[in-house]
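Chains as they are written, first to last, in my numbering: chain A, 1295 to 1754; chain B, 27 to 298; chain C, -17 to 343. Data first, discussion second: the structure below is written as structure tokens.
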Amino acid sequence: MRVVDAPYTFRGGVHPPEKKELSSGSAAVELPLPDLLKVPLSQHLGAPAKAVVSVGDHVRRGDVIGSAAGVISANVHSPTSGTVKAFESLPSPAGRVVQHCVIEPDGQDERSNELAPFADWESRTPAELIERISAAGIVGMGGAGFPTGVKVNPPPGKKIHTLVVNGAECEPYLTADHRLMLEKTERVWTGIRILRKILGAEKVCIAIEANKPDAIELFSRIDSDEGVEVVVLKARYPHGSEKQQIFATMGFEVPSGGLPADVGCVVENVGTMSAVCDAVLDGKPLDSRYVSVTGEAVARPGNFIARCGMSFRYLIEAAGGFSVSPVKIVAGGPMMGFAVSSPDIYVTKTTSGILCLDERHTFEYSSSPCIGCGRCNSVCPMRLLPSEMACAIEADDIDGAAALHVADCFECGSCSFSCPAHRPLVQHFRRAKGVLTLRRMQKKAEEDSRKKTEQTHGSK
Amino acid sequence: MSILGTAVVIGLIGLVCGVLLAYIAGRFSVKEDPRVEEAIAVLPGANCGGCGFAGCASYAKAVITGDAPVDRCSAGGAAVVDKLSKLTGRSGSASEPKAAVVMCGGDNNAAKQKSVYNGITDCGAANIVSGGPKACIYGCLGLGTCARACPKNAIRLEGGIASVDPALCIGCGQCVSVCPRGLIRLVPRSHRIHVLCSSPEKGAAVRKVCSKGCIGCGLCVKAEGGVSMTMSGAIARIEYDKAPVANPEAVAGKCPSKCLVNLDLSDRGERA
Amino acid sequence: MSDEKGAVNEPSMLVTSSSPHIHCGTSVRGTMRDVLTGLIPPCIAAVVFFGLRALALIAVCTAATVITEYVCRKMMNRNNTIGDLSAAVTGVLLALNLPSGLPFWQAALGGVVSIAVAKQIFGGLGFNPFNPALVGRAFLLISFGATMTSWTESDWKRVERVPEAGISAPAEVPQPGYDVVMTTATPLGEVKTAAKRGEKPDFVYDSQMRWKLFIGDRNGSMGETSVLAVLIGALWLLYRRVITWHIPVFYIGTVAVFALCLRLAVPDMAMPVDFHILSGGLMLGACFMATDMVTNPVTRQGQVIFAIGCGILTMIIRCVPGGAYPEGVSFAILIMNAFTPLINKMVRVHRFGEPKRGKAV
């Protein structure tokens, strides 16, 4: 297929040291089953799944253990065969408390045949395929975990013309997507074709950063259909963010507060593509993924195919344990990942990496004041004014921050990365966004209850 | 001569400005009920916001215009309600005097730390970073957002936990609304027994993270007789709308983890 | 470390913080260190042209600012901030803005005012609305007008002893406790004096004079005379990305455009464009003072507005006939410092995905 350089590039952004060489050379290793798997029932954006098994039940690999609760939610499947031992409330990688289903594997790894393989997927209707994607519990594997079945089913009237496949992996250290593109090129490609059929997209852009020439080469060798091209992005953070990626590949700006579908695009991660292929062709639900275990504090950084529910501790041990005492363990990449408080955290569908940083390779936030250098303002890829927003939030002026459009911030971290005063800018914005969301929800609840009382009064 | 000229010019400017000001003051004067001034004088002037208005002056205005009941001032208590009733002719009953209590006793000695928190000194901000530094996900984060919200400086931070000085507390409830964990409650001052733990977890799980947590043994409820205390799952609960616990010393002595305390909140101290 | 497993199995207490977890490596201290390094060429030039007294004056100012910073923070019960080197930067910058013959006690007083009044009263680094070094200079200029405008002849001149263009008859001003020194006007001062008489000095067209202005063999504040040294320092700051090109280029560019317009409007009165650019404190101001990150706007667009404002004000102060000050740079920057919050408020960058003006959301 055709390889083209990205015609545009967004303004701002940073270029942190890539550190991909730590793990990019190591092929993904399938791990043996641990003694216990603790599968989080919320591995996605939206409502947590509802547990549908009870303690003592026997489950097979692929059985639904948590079913989607609501429109924006996703099924959770058992990653192996075994017995449900307990349900525990444990912290998720993002720090929320989430119910985990504890499964003791029986070692058989017996598959359930709930989902039949669609060998003839090309003759299936989009509705059937979407249903399969939802049933297989597929969510965006880039980080946010938005249910894919919802994303590929845009509201009527929103025509999708382009499918953007995100293989940018702009986060430093992480190489999981890179390895996946190298090792599962064909499956990613099949997934792309399935999704293209569902969306009826005329164009497909496979966006890969220039620092992965081998992956670009592999995709370029595929005999492609009309309208598919590999778009080579300049290596710059955050090219993997969907809004910046759409701009780089096509030059559209997704409107503030809007979704890619508003400009006729859908962005999906390469890992999601491979999962779509597994679900449709083989009837395999999403229960495992590529995880990079890397960082300077890990003895042998590498990539692993990990089942959801494996502990970080287990994966770190598989990577040779710690070489030096880690100061931080991060779920995800160093720019947007979450620092966890212990290695007893469990892999989810969105855990792209486990990053162990030693003291030399991380830094300390300080509470020193803004010195007005303006670097944050020039690196913000959303062209917001982080310095001004942070000052407003520090003065508890959340409305002031809202007027500066703090809601547009997607927490890429470019500002904090560049701040010479080491100010915790992203944390300020996360807090402000949280307050604003809470307020919006409260307002909605008030309106709903008012409407209700009005209705009851009216009926009387 | 030149000095005289200057004086005349300055004097004239002053005269013109004075006349202008007098005219504007008369032209744009806002007629205000004189009782508003009296109501402001009656209110304690803490501007705590506990009534739901921006400050004492705006509450006073609302009371006089009839937009607010006369019994909303928690800081002023019964005396203020009486005076406002006389002023407006409307009656109201003063709610029972209340004080804020932080329902967590997990100081740095008792509560286990799970990580070193590096970030903004604000409980709400810490709460979104893997739930703060303490292992207990229900307990006080100890970063003092409540203390900064308190208009009377009644909240102290000691050993990683916030505690309210009942003598200074005016019961406005500002701290209640800012605590991201909802740990602070306004309780009637007549109650002496309080459960300083908010973890609904079972005993073993609580023990793992805090030595001062309620383990749900139920000894206190038994000693009290279950009149004003009940077990709510694995935590003892005080029924604050019922009568205060009759035998506080005996009940408090029963608690094995010392999370049940016998606090004297009756002293309202100096009022503004 | 064994081959099978890493040396550490159980991590000690981990740190949790918000993302991001890596940093580009800059720090306030590092930035200030870069500025200090960038100030080395102007300091060397000062010593070359004004002798060792320049070095002593720089030392006095820096000591005064650092000690004041320390004492102020102690008195306010705040953490000690002399380690971030911002006080030292203020000290050196202040010294470079003083004439080399200034009594030491006055220089030290300027340093105290810079830090105590212009910086710490507002809460320290990051909160000061005005550039502290310029406030110090303005204070000294207003308080000690005589000594602040007694320009000691540069050492080289004294050696040459040849009356040249640009130096009017030296007036001997005896100073207490100091040898009789030659004091003369700065080139800009001379132009202003001449303009008051309705004349224009010839030296402004002299090509040798250009060269002297460029390398710094002229009268003026210690750091401003050598355009060459300032440019070397500015290149270092650009290379270290402490400053961007926007402010210096737009500042100097505005001065150039303004000067050109004047020249076209009143050809027989106005000075040549290059004379305006090379003389006075323009280079030092544009590269080191207007670029002070605390007191200039936080957006590129704002910085451009700021720089243009500085340029216009500088030229107005320099060229208004009968004006009190021949040199306009410090006051121009101070005035624009006052506008910085306003510029920050007014300039709104077009956000990513923001609907174009006029179009419905």
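Beta carbons are placed, not taken as given, at the ideal position from N, Cα and C, and that holds for glycine. These figures come from a predicted structure and were not determined experimentally.
Sheet register partners of A:Asn1597 (DSSP bridge): As a first step, residue 1597 of chain A must be located in the first sequence, where it is residue number 303. Answer by DSSP bridge pairing, in chain order: A:Ser1586.
Closest Cα partner of A:Val1526 within the set A:Glu1511, A:Asp1519 and A:Glu1536: Counting from 1 along the first sequence, the entry for residue 1526 of chain A is found at position 232. With distances taken between Cα atoms, A:Val1526 lies closest to A:Glu1511.
Beta carbon proximity, C:Gly65 to chain A, threshold 8 Å: On the third sequence, position 83 is the one that residue 65 of chain C refers to. False, the Cβ-Cβ gap to chain A never drops below 8 Å.
Assumed close pair A:Val1522, A:Met1295 - CB separation to whole angstroms, cut-off 8 Å: Residue mapping note: residue 1522 of chain A aligns to position 228 of the first sequence, counting from 1. Residue mapping note: residue 1295 of chain A aligns to position 1 of the first sequence, counting from 1. Correct: roughly 5 Å between the Cβ atoms.
Cutoff 8 Å: C:Val(-3) Cβ touching any chain B Cβ: The sequence position of residue -3 of chain C within the third sequence is 15, counting from 1. It does: the Cβ of C:Val(-3) has a partner Cβ on chain B nearer than 8 Å.
Listed by chain order, chain B residues near A:Gln1337 by CB distance under 8 Å: Start at 1 with the first residue of the first sequence, and residue 1337 of chain A comes out as number 43. Neighbours of A:Gln1337 on chain B: none; closest Cβ ~17 Å, over 8 Å.
Straight-line gap, B:Arg61 to B:Met257 (C-alpha atoms, nearest Å): Counting from one through the second sequence, the residue named residue 61 of chain B turns up at place 35. Counting from one through the second sequence, the residue named residue 257 of chain B turns up at place 231. Distance between the alpha carbons of B:Arg61 and B:Met257 is about 50 Å.
Residue ranges of each alpha helix (DSSP H) within the stretch 221 to 304 of chain C, 4 or longer: 228 to 247, 255 to 260 and 282 to 301
For B:Ile261, the residue or residues it bridges with in DSSP: Working through the second sequence from its first residue, we reach residue 261 of chain B at position 235. Answer by DSSP bridge pairing, in chain order: B:Ser258.
Coarse secondary structure for C:Gly93, derived from DSSP in three states: Within the third sequence, residue 93 of chain C is the residue found at index 111, counting from 1. The answer is helix: DSSP assigns C:Gly93 an H, G or I state.
Chain B within 8 Å of A:Val1634, Cβ atoms only: Here residue 1634 of chain A is taken as the residue at index 340 of the first sequence, counted from 1. For A:Val1634, the answer is yes, since a Cβ of chain B falls inside 8 Å of its Cβ.
Near-chain C residues of the stretch 1535 to 1550 of chain A - C-beta to any C-beta below 9 Å: Those residues of the stretch 1535 to 1550 of chain A that come within reach of chain C (Cβ to Cβ, closer than 9 Å) are Lys1537, Gln1538, Phe1541, Glu1547, Val1548, Pro1549 and Ser1550.
For B:Val45, three-class secondary structure by DSSP: Residue mapping note: residue 45 of chain B aligns to position 19 of the second sequence, counting from 1. It is helical.
CB of B:Leu167 within 8 Å of CB of B:Arg207, strictly: Here residue 167 of chain B corresponds to residue number 141 of the second sequence, with the count starting at 1. Here residue 207 of chain B corresponds to residue number 181 of the second sequence, with the count starting at 1. Yes. Within cutoff.
Check: B:Lys140 C-beta below 7 Å from any heavy atom of the ligand SAM: Summarising the ligand content, the structure contains no ligands, and the ligand SAM is consequently not present.
Sequence-distant residues of its chain with Cβ nearer than 6 Å to A:Cys1571 (five each side left out): Indexing the first sequence from 1 puts residue 1571 of chain A at position 277. Excluding positions up to five away in sequence, the list reads Arg1481, Thr1484 and Gly1485.
At least 3 beta-carbon pairs within less than 8 Å: the stretch 1693 to 1708 of chain A vs the stretch 1720 to 1738 of chain A: yes
Alpha carbon of B:Gly239 to alpha carbon of A:Val1641, nearest angstrom: The count along the second sequence starts at 1 and reaches residue 239 of chain B at position 213. The count along the first sequence starts at 1 and reaches residue 1641 of chain A at position 347. Approximately 30 Å, taken between the alpha carbons.
C:Ser312 at chain A interface by Cβ criterion, 8 Å: As a working mapping, residue 312 of chain C is identified with position 330 in the third sequence. Output row for C:Ser312: interface = no.
Integer-rounded CB distance, given that A:Phe1381 should sit under 8 Å from A:Val1396: Start at 1 with the first residue of the first sequence, and residue 1396 of chain A comes out as number 102. Start at 1 with the first residue of the first sequence, and residue 1381 of chain A comes out as number 87. Indeed they touch by this definition, with Cβ atoms about 7 Å apart.
C-alpha distance - C:Gly267 paired with C:Leu219, whole-angstrom precision: Along the third sequence, one-based indexing puts residue 267 of chain C at 285. Along the third sequence, one-based indexing puts residue 219 of chain C at 237. The straight-line gap from Cα to Cα measures roughly 14 Å.
Straight-line gap, B:Asp93 to A:Ala1430 (C-alpha atoms, nearest Å): Counted from its first residue, the second sequence places residue 93 of chain B at position 67. Counted from its first residue, the first sequence places residue 1430 of chain A at position 136. B:Asp93 and A:Ala1430 have their alpha carbons spaced roughly 57 Å apart.
Opening and closing residue of the beta strand (DSSP E) in which B:Cys99 lies: On the second sequence, residue 99 of chain B is found 73 positions in, with the first residue counted as 1. No beta strand (DSSP E) contains B:Cys99, which DSSP labels as neither H nor E.
Neighbourhood of C:Gly148 by C-beta distance below 8 Å, restricted to the same chain and skipping five residues each side: The residue you call residue 148 of chain C lines up with position 166 of the third sequence. Its pLDDT being 43, under 50, C:Gly148 is placed unreliably in this model, and the value from its coordinates should be taken loosely. Pro169, Glu172, Pro183, Phe185, Asp188, Met191, Lys194 and Arg200, listed in sequence order.
Endpoints, the alpha helix (DSSP H) within which A:Thr1377 is located: For the purposes of this step, residue 1377 of chain A is taken as residue 83 along the first sequence, with counting starting at 1. Careful: A:Thr1377 lies outside any alpha helix (DSSP H), inside the beta strand (DSSP E) at Gly1376 to Pro1385.
For A:Ala1509 and A:Ser1472, believed in contact at Cβ under 8 Å, the rounded distance: Counting from one through the first sequence, the residue named residue 1472 of chain A turns up at place 178. Counting from one through the first sequence, the residue named residue 1509 of chain A turns up at place 215. Note on residue identity: the sequence assigns His, not Ser, to residue 1472 of chain A. Confirmed, Cβ separation roughly 6 Å.
Proximity of A:Leu1335 and A:Val1392 at Cβ, strictly below 8 Å: Within the first sequence, the letter at position 41 stands for residue 1335 of chain A. Within the first sequence, the letter at position 98 stands for residue 1392 of chain A. Cβ distance < 8 Å, so A:Leu1335 and A:Val1392 count as in contact.
Reduced DSSP category for C:Ser312 - H, G, I as helix; E, B as strand; rest coil: Within the third sequence, residue 312 of chain C is the residue found at index 330, counting from 1. In the structure shown, C:Ser312 adopts helical secondary structure according to DSSP, grouped into three states.
is_contact[B:Val155, chain A] using C-beta, thresh 8 Å: If you number the second sequence from 1, residue 155 of chain B lands on position 129. Taking Cβ atoms only, chain A reaches closer than 8 Å to B:Val155, which makes this a yes.
Cross-chain neighbours of A:Glu1658 in chain B, by beta carbon under 8 Å: As a first step, residue 1658 of chain A is located in the first sequence; it is residue number 364 there, counting from the start. Listed along chain B, the residues sitting closer than 8 Å to A:Glu1658 by beta-carbon distance are Asn144.
Distance CB(A:Pro1549)-CB(C:Gly335) smaller than 8 Å: For this step, residue 1549 of chain A is matched to residue 255 along the first sequence. For this step, residue 335 of chain C is matched to residue 353 along the third sequence. Yes, the Cβ-Cβ distance between A:Pro1549 and C:Gly335 is below 8 Å.
Cβ-Cβ distance between A:Ala1345 and A:Ala1362 below 8 Å: Reading the first sequence from its first residue, position 51 is the one you call residue 1345 of chain A. Reading the first sequence from its first residue, position 68 is the one you call residue 1362 of chain A. No, they are not a contact pair.
Nonlocal neighbours in the same chain, by C-beta distance under 8 Å from B:Thr147, ignoring five residues either side: Looking up residue 147 of chain B in the second sequence gives position 121. Once the five neighbours on either side are set aside, the close Cβ partners of B:Thr147 are Leu169 and Gly170.
Closer than 8 Å to chain C by CB, A:Leu1651: Along the first sequence, read from residue 1 onward, the residue named residue 1651 of chain A stands at position 357. At least one chain C Cβ lies under 8 Å of A:Leu1651.
Whole alpha helix (DSSP H) elements within the stretch 169 to 250 of chain B, 4-residue minimum: 171 to 175, 200 to 204, 229 to 235 and 245 to 250
For C:Thr44 and C:Leu123, the rounded distance between their alpha carbons: As a working mapping, residue 123 of chain C is identified with position 141 in the third sequence. As a working mapping, residue 44 of chain C is identified with position 62 in the third sequence. Cα to Cα, the separation comes out at about 19 Å.
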